[in-house]
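Report on one structure; see the data block that follows.
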Amino acid sequence: MAEASEPRQAEEQPVREPWAAMDMPTLVHSHHAVVYRYAFRLSGNAADAEDLSQQAFLIAQRKIHQLREPEKARAWLLAVVRSCFLKNLRKSRPLPAQDVDLLVEHVPDRTHIPDQIDRQEVADALDELPDEFRLVLLMFYFEELSYQEIAEQMEVPMGTVMSRLSRAKGHLRQRLAPADSNEPKVPRPHRLKAKAENARGADLRRHMTP
Amino acid sequence: MKKIDQLREQIDACRLDTDDLSLPELVELAVAVRQDREVADELSRSHAFDRKICEALHDAPVPLGLADRLTAALQAEAAPAVALAERSATNECDVAGRRRFGRRNWWVVGGAVALAVLVVAFAAPFVVRSVRDVAQNELSGDVAGWISSVTANKWRPITTMPKEIELDSAVIGKALQWQSIQARDHSGWTGEVTAIDLRPAGQPRAMLFVVRSSARFNVPPTPTAQRRLALSHGFAATAWQRSGGALLVLVVEEDRGQRLEDFLRRPTQA
């Protein structure tokens, strides 16, 4: 990721009138960063993230009349990003009919709170997750949805969502456990049973890269 | 520790800074947090971990110029995208996927836009010297831009509005506040645009735009709710220009119940 970056929306921006906040240039200006970041975490690379962002805004442009409350624009756009991601994913290969078995061994009993989180380590840990687990995790962290809302959106039982979320978080805890933790860091190739089957994102990247 | 293991899924499902503990599936956790210090501490650690992960996930560099490229793509794709949407309303992502530009096309579009801007900037002084006739569709585009330029924190008391800006006697409604619109994207004409708010904040909006310009606008000399500008997103607007006077554009939030008719006197009333 050697690309130049924009500041994280630190600049003071004019307060838009509610009725004026739903035009596309304003939506793009206000939300392109979070849309891109969500797309980046979903797809796993910058090129696909930009394509996914563009797809999402094109859909948003057609459906902007559905957005009645400007304060919900962020959540609405993130849902569009997720929808596009899933459609691309399904097109590239069918989702498995049954739950992928994510082996999370040696997860620390107590949650360790690292002073500094290595961004690359987080990205790697995310990359190792099967799609179903990563998606639930990102819906939780990015869209800030509850397990109930995730279950409704994904049309899966709440218990499944809670299980996937917990296992995905367990994987992160395991990967980000400090080196001096009593819990051994398991070599990566043995962490995820589903990893080899999943080859996460590879098909998607091939599909989306022009 | 065993208790924590048993409650792990509930702990992980409980979002920070929410009242998730009141959710039915987390009732066991809610009880345990009240009764067991160890569980409460683990939930607290889990939330601290969530905060750190959330920060890390949101910390991804955004490519420079992304917003500009997205905006250019939206403008370039607007017409074909609408046509495609009408053809296949249920297949949006697929259509968008086929129609989306590649990154190489971004540069082509960007270059074309930049070239067009240069040409317009160079030629504009020669063109604008003559009086510009502005068609209704051009004006509609301009009005859409003004609407999006209205800024909530720039309203000023109506008592401070320059006296040369006048409401038309055909308009019903009390001017409450005003602001100048920074409208740089007029369709080839120059002028000053002032927005006058006719409804208190929080209510469906009604607004009068007063435009002082040397351009000639292809609009009627008196207002009529029947002759409307083509606006989207639930707005209704009508424009008129009295002889030698300013262009006036009345805009209301029609989808929230405002009607143009309610803000215009009938000809016999005016």
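Just so you know, the protein sequences line up as chains A and B, in that order. Take the first sequence: its position 176, counting from 1, is numbered 175 in numbering that gives the first Met the number 0, and each next residue is one higher. Take the second sequence: its position 170, counting from 1, is numbered 169 in numbering that gives the first Met the number 0, and each next residue is one higher. Don't be surprised by glycine CBs; every beta carbon is placed ideally from N, CA and C.
Residues of its chain near residue i, where Cβ-Cβ distance is below 6 Å and the 5 sequence neighbours each way are ignored
{"i": "A:Arg190", "result": "In this predicted model, A:Arg190 has a pLDDT of only 39, less than 50, meaning its place in the structure is not dependable; the value taken from the coordinates is given anyway. So no residue of the chain qualifies."}
{"i": "B:Ile195", "result": "Ala174, Trp177, Leu207"}
{"i": "B:Val250", "result": "Met206, Phe234, Ala236"}
{"i": "B:Gln257", "result": "Pro203, Ala205, Val251"}
{"i": "A:Arg187", "result": "Note that A:Arg187 has pLDDT 46, beneath the 50 cutoff, so the model's placement of it is unreliable and no number is given."}
{"i": "A:Ala20", "result": "In this prediction, A:Ala20 scores a pLDDT of 49, lower than 50, which makes its location untrustworthy; the coordinate-derived value is nonetheless stated afterwards. Excluding residues within five positions, the ones whose Cβ falls inside 6 Å are Pro69."}
Under 9 Å by beta carbon: chain A residues contacting residue i
{"i": "B:Ile195", "result": "Those do not exist, as B:Ile195 stays about 14 Å from chain A at its closest Cβ, beyond 9 Å."}
{"i": "B:Phe48", "result": "Thr110, His111, Ile112, Pro113, Lys168, Leu171, Arg172, Leu175"}
{"i": "B:Arg44", "result": "Arg109, Thr110, His111, Ile112"}
{"i": "B:Gly249", "result": "For clarity, residue 249 of chain B is Leu in the given sequence; the question names Gly instead. None at all; the shortest Cβ gap to chain A is about 14 Å."}
{"i": "B:Ser21", "result": "In chain order: nothing, as chain A lies at least about 11 Å away."}
{"i": "B:Glu253", "result": "None at all; the shortest Cβ gap to chain A is about 11 Å."}
{"i": "B:Glu137", "result": "Those within 9 Å of B:Glu137 in chain A number zero; the least Cβ separation is about 18 Å."}
N- and C-terminal bounds of the beta strand (DSSP E) containing residue i
{"i": "B:Phe262", "result": "That residue, B:Phe262, is in no beta strand (DSSP E); it is neither H nor E in DSSP."}
{"i": "B:Thr193", "result": "191-196"}
{"i": "B:Glu252", "result": "246-252"}
{"i": "B:Leu207", "result": "205-211"}
{"i": "B:Ala236", "result": "234-240"}
Residue i: first and last residue of the uninterrupted alpha helix (DSSP H) it sits in
{"i": "B:Ile180", "result": "Here B:Ile180 belongs to no alpha helix (DSSP H); instead the beta strand (DSSP E) covers 176-180."}
{"i": "A:Gln173", "result": "157-175"}
{"i": "B:Val170", "result": "Looking at the DSSP string, B:Val170 is not in any alpha helix (DSSP H), and its letter there is neither H nor E."}
{"i": "A:Phe39", "result": "23-42"}
{"i": "A:Phe141", "result": "Neither: A:Phe141 is in no alpha helix (DSSP H) and is coded neither H nor E."}
{"i": "A:Asp126", "result": "118-127"}
{"i": "A:Asp47", "result": "45-62"}
{"i": "A:Ile149", "result": "146-153"}
Contact list for residue i against chain A, beta-carbon separation under 7 Å
{"i": "B:Lys51", "result": "Ile112, Pro113, Ile116"}
{"i": "B:Ala111", "result": "Residues of chain A passing the Cβ test: none, with the nearest at roughly 18 Å."}
{"i": "B:Asp58", "result": "Arg118"}
{"i": "B:Glu41", "result": "Arg109, Thr110"}
Chain B contact residues for residue i, given Cβ-Cβ distances below 7 Å
{"i": "A:Leu164", "result": "Asp11, Ala12"}
{"i": "A:Glu142", "result": "What A:Glu142 touches in chain B: nothing, since even the nearest Cβ is about 11 Å away."}
{"i": "A:Ala32", "result": "Val61"}
{"i": "A:Ala45", "result": "Pro62"}
{"i": "A:Met138", "result": "What A:Met138 touches in chain B: nothing, since even the nearest Cβ is about 11 Å away."}
{"i": "A:Gln65", "result": "Near A:Gln65 there are no residues of chain B at all, since even the closest Cβ is about 11 Å away, more than 7 Å."}
{"i": "A:Ser24", "result": "Before going further, note that residue 24 of chain A is Pro rather than Ser in the sequence given. Chain B residues near A:Pro24: Thr70, Ser147."}
Neighbour list for residue i in chain B, Cβ cutoff strictly below 8 Å
{"i": "A:Phe132", "result": "The premise fails here: A:Phe132 is roughly 12 Å from chain B at the closest Cβ pair, so nothing lies under 8 Å."}
{"i": "A:Met153", "result": "Ordered by position in chain B, no residue passes the 8 Å Cβ test against A:Met153, which lies about 14 Å from the chain."}
{"i": "A:Val27", "result": "Ala66, Leu69, Thr70, Leu73"}
Chain A residues whose Cβ lies nearer than 8 Å to that of residue i
{"i": "B:Arg7", "result": "Ser165, Gly169"}
{"i": "B:Pro199", "result": "Residues of chain A passing the Cβ test: none, with the nearest at roughly 13 Å."}
{"i": "B:Ala55", "result": "Ile116, Arg118, Val121"}
{"i": "B:Ser179", "result": "Residues of chain A passing the Cβ test: none, with the nearest at roughly 13 Å."}
Sequence-distant residues of its chain with Cβ nearer than 7 Å to residue i (five each side left out)
{"i": "B:Arg128", "result": "Legend: pLDDT at B:Arg128 = 47, less than 50; position of this residue unreliable, value from coordinates given subsequently. No residues qualify anywhere along the chain."}
{"i": "B:Val112", "result": "Ala71"}
{"i": "B:Glu41", "result": "Ile3, Ile10"}
{"i": "A:Gln97", "result": "Its pLDDT being 42, under 50, A:Gln97 is placed unreliably by the model, and the measurement read from it follows with that caveat. Here the set comprises nothing."}
{"i": "A:Arg163", "result": "Glu131, Phe132, Val135"}
{"i": "A:Trp75", "result": "Leu66"}
{"i": "B:Glu8", "result": "none"}
{"i": "B:Gly190", "result": "Val210, Arg211, Ser212, Ala214"}
{"i": "B:Pro220", "result": "Trp239, Gln240, Arg241, Ser242"}
{"i": "A:Gln147", "result": "Met157"}
Cβ-Cβ separation, residue j to residue i (assumed contact under 8 Å), whole Å
{"i": "B:Ala31", "j": "B:Leu6", "result": "6 Å"}
{"i": "B:Val270", "j": "B:Ala214", "result": "Nothing can be reported for residue 270 of chain B: it is not among the residues displayed for chain B, which extend from 0 to 269."}
{"i": "B:Val209", "j": "B:Ala245", "result": "5 Å"}
{"i": "B:Leu56", "j": "A:Phe141", "result": "7 Å"}
{"i": "B:Ala169", "j": "B:Arg68", "result": "B:Ala169 to B:Arg68, Cβ: 44 Å. No contact."}
{"i": "B:Ile180", "j": "B:Thr159", "result": "So it is not a contact: roughly 16 Å between Cβ atoms."}
Nonlocal neighbours in the same chain, by C-beta distance under 8 Å from residue i, ignoring five residues either side
{"i": "B:Cys13", "result": "Asp19, Leu20, Leu25, Leu28, Leu42, Ser45, His46"}
{"i": "A:Ala167", "result": "Leu101, Leu128, Phe132, Arg133, Val135, Leu136"}
{"i": "A:Leu144", "result": "Met138, Gln152"}
{"i": "B:Ile157", "result": "Ala174, Leu175, Gln176, Trp177, Ile195"}
{"i": "B:Glu165", "result": "Val209, Ala245"}
{"i": "A:His30", "result": "Ala72, Arg73, Leu76"}
{"i": "B:Arg50", "result": "Leu15"}
Closer than 9 Å at the beta carbon, the chain B residues around residue i
{"i": "A:Asp126", "result": "Those do not exist, as A:Asp126 stays about 12 Å from chain B at its closest Cβ, beyond 9 Å."}
>> So within the stretch 128-164 of chain B, which uninterrupted alpha helix (DSSP H) runs reach at least 4 residues, ignoring any that extend past its ends?
In response: 135-148
> Taking only runs of the beta strand (DSSP E) that begin and end inside the stretch 20-80 of chain B, which ones reach a length of at least 3 residues, in chain order?
Replying inline: none
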